[in-house]
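Asks: Pasting in a structure now, in structure tokens, and then I'll have a few things to ask.
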Amino acid sequence: MSRRDTGAERGAVAVIVALLMVPLLGFAAIAIDVAAMWSARQRLQTSADSSALAIAQDCAHNNCADPATTAAAMTNANFGTGATATVLTPSVAPSTGQVKVRTAAVSHHLFAPVIGFDAANISASATATWGAPTGGPAVLPLTISICQFKNVTSGDVPAGAQAIPLPKSRDSNCPGWSAPGGFGWVDVDEDGIGDGGGDCTYVSEIGQELSSDPGKSISNGCSTADFDKVLGKTVLLPIFDKTNGETGTNAAYHVYGYAAFVLAGYDFNGNHDGGDYSLCRAFQPQDCLQGTFAKLVDLDDAFDYKPACAPGEDPVTDDCAPNLGTTFVGLTG
121 MSRRDTGAER GAVAVIVALL MVPLLGFAAI AIDVAAMWSA RQRLQTSADS
171 SALAIAQDCA HNNCADPATT AAAMTNANFG TGATATVLTP SVAPSTGQVK
221 VRTAAVSHHL FAPVIGFDAA NISASATATW GAPTGGPAVL PLTISICQFK
271 NVTSGDVPAG AQAIPLPKSR DSNCPGWSAP GGFGWVDVDE DGIGDGGGDC
321 TYVSEIGQEL SSDPGKSISN GCSTADFDKV LGKTVLLPIF DKTNGETGTN
371 AAYHVYGYAA FVLAGYDFNG NHDGGDYSLC RAFQPQDCLQ GTFAKLVDLD
421 DAFDYKPACA PGEDPVTDDC APNLGTTFVG LTG
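Each residue of the sequence shown is one higher than the one before, starting from 121 at the first, in the working numbering.
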């Protein structure tokens with residue numbers, strides 16, 4: 121029997137391992153460094169998204185003065201401790217309600233340097249927009265005239281607590297704005313208005329005619345419980361600027377825009393289960409809402425929106441939405 125040369129075998133294994141080390145490290149570079157690079161890329165995208173949204177929200181509050189500082193703060197907060205990302209100068213277009221942010225960083229590799237790759241440049245971009253609502257869901261079955269809105273707010277929001285009588289007579293400082301018998305109640309069961317869910321929620325949009333639900337009681341399919349659920353909360357109400365001139369069930373309200381309203385209380389035919397309705401007592405026996413028109417900036421993607429009309433612009437000819445104090449913000453790219 122011959123004796124194996126184990127020393128030679130160990131030497132051969134060492135040579136093989138040495139020869140395979142470079143490709144093994146190359147595979148490690150692919151598995152680990154590429155994964156780390158994509159993780160950094162995701163953090164960079166989150167940084168760009170949050171920066172764009174933050175700037176858009178600032179602009180929605182009429183504060184577009186320093187978008188670069190906002191973007192830098194959001195990027196540093198989201199990219200991660202011990203890492204550095206660069207924000208290129210954000211592009212802000214207030215007239216179109218759009219902001220674009222581009223971020224960049226260097227992802228340093230751990231294993232890839234053995235095959236000649238020390239680092240990789242990564243980048244991300246995001247676009248956010250803001251504007252006034254053009255359509256979306258409503259949870260209260262009513263609409264208020266633009267005349268009433270302007271009387272309450274003097275054209276600006278927020279305003280103090282107000283009582284808004286419903287129905288509104290023709291001589292209530294808004295002559296000709298309400299269809300007789302319409303009372304401002306919306307027929308949520310009307311085809312094309314109700315959501316078909318058997319509740320008080322309905323969807324509308326600017327330019328749509330909302331069918332009236334005439335009479336003294338709350339619209340069919342709705343109850344005071346629907347109002348109780350939103351006491352103290354901000355809801356979006358459709359604002360109408362004209363009617364179709366008909367009466368009763370044939371009356372319809374033309375949606376002009378949307379305003380945010382914080383409901384404090386109500387008095388409907390003597391029913392006032394909850395909330396503060398003290399200001400409504402002066403209008404009894406008329407149905408009445410009490411609350412405050414508010415300024416609202418929201419990220420809710422349930423609403424459509426477009427750039428708000430500037431002073432002197434027309435919603436139809438200038439392709440903008442009436443600015444009634446509510447702005448929606450969202451990512452578009």
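Virtual Cβ for every residue (Gly too), placed ideally from N, Cα, C.
For I338, which of helix, strand or coil comes out of DSSP?
Replies: coil
Asks: Can you tell me whether H181 is buried or exposed, with buried defined as 16 or more other CB within 10 angstroms of its CB?
Replies: exposed
Asks: So, at 8 Å on beta carbons, what are the nonlocal neighbours of G327 in its own chain, with the 5 sequence-adjacent residues on each side left out?
Replies: H374 and V375
Asks: Per DSSP, what kind of secondary structure is N198 in: helix, strand or coil?
Replies: Of the three classes helix, strand and coil, the one that applies to N198 here is helix, per DSSP.
Asks: What are the boundary residues of the alpha helix (DSSP H) that includes A156?
Replies: V154 to A180
Asks: Alpha carbon to alpha carbon, how far is P214 from A205? Give it in angstroms, no decimals.
Replies: Whole-angstrom Cα-Cα distance: 26 Å.
Asks: Taking three-plus beta-carbon pairs below 8 Å as touching, is the region 424 to 433 in contact with the region 247 to 256?
Replies: yes
Asks: Could you give the residue range of the beta strand (DSSP E) that holds N271?
Replies: Per DSSP, N271 belongs to no beta strand (DSSP E); it is in the alpha helix (DSSP H), I266 to T273.
Asks: Please report the residue range of the beta strand (DSSP E) in which A428 lies.
Replies: Looking at the DSSP string, A428 is not in any beta strand (DSSP E), and its letter there is neither H nor E.
Asks: Leaving out five residues before and five after T446 in sequence, what residues of the same chain have Cβ atoms less than 7 Å from its Cβ?
Replies: A252, P253, L356, Y378, A379, A380 and L416
Asks: How about D333 and S324: do their beta carbons lie closer than 9 Å?
Replies: No; because the gap between Cβ atoms is not below 9 Å, this pair is not in contact.
Asks: Run through DSSP, which three-state label would L399 get?
Replies: helix
Asks: Within 10 angstroms of the Cβ of F403, are there 16 or more other Cβ atoms? Answer buried if so, exposed if not.
Replies: buried
Asks: Please report the straight-line C-alpha distance between A156 and R163, rounded to a whole angstrom.
Replies: 11 Å
Asks: Identify the continuous beta strand (DSSP E) that holds A345 and give its terminal residues.
Replies: Here A345 belongs to no beta strand (DSSP E); instead the alpha helix (DSSP H) covers T344 to D348.
Asks: Between F448 and D407, how many whole angstroms is the CB-CB distance? I'm expecting something under 8 Å.
Replies: Their Cβ separation, rounded to whole angstroms, is 30 Å, which puts F448 and D407 out of contact at 8 Å.
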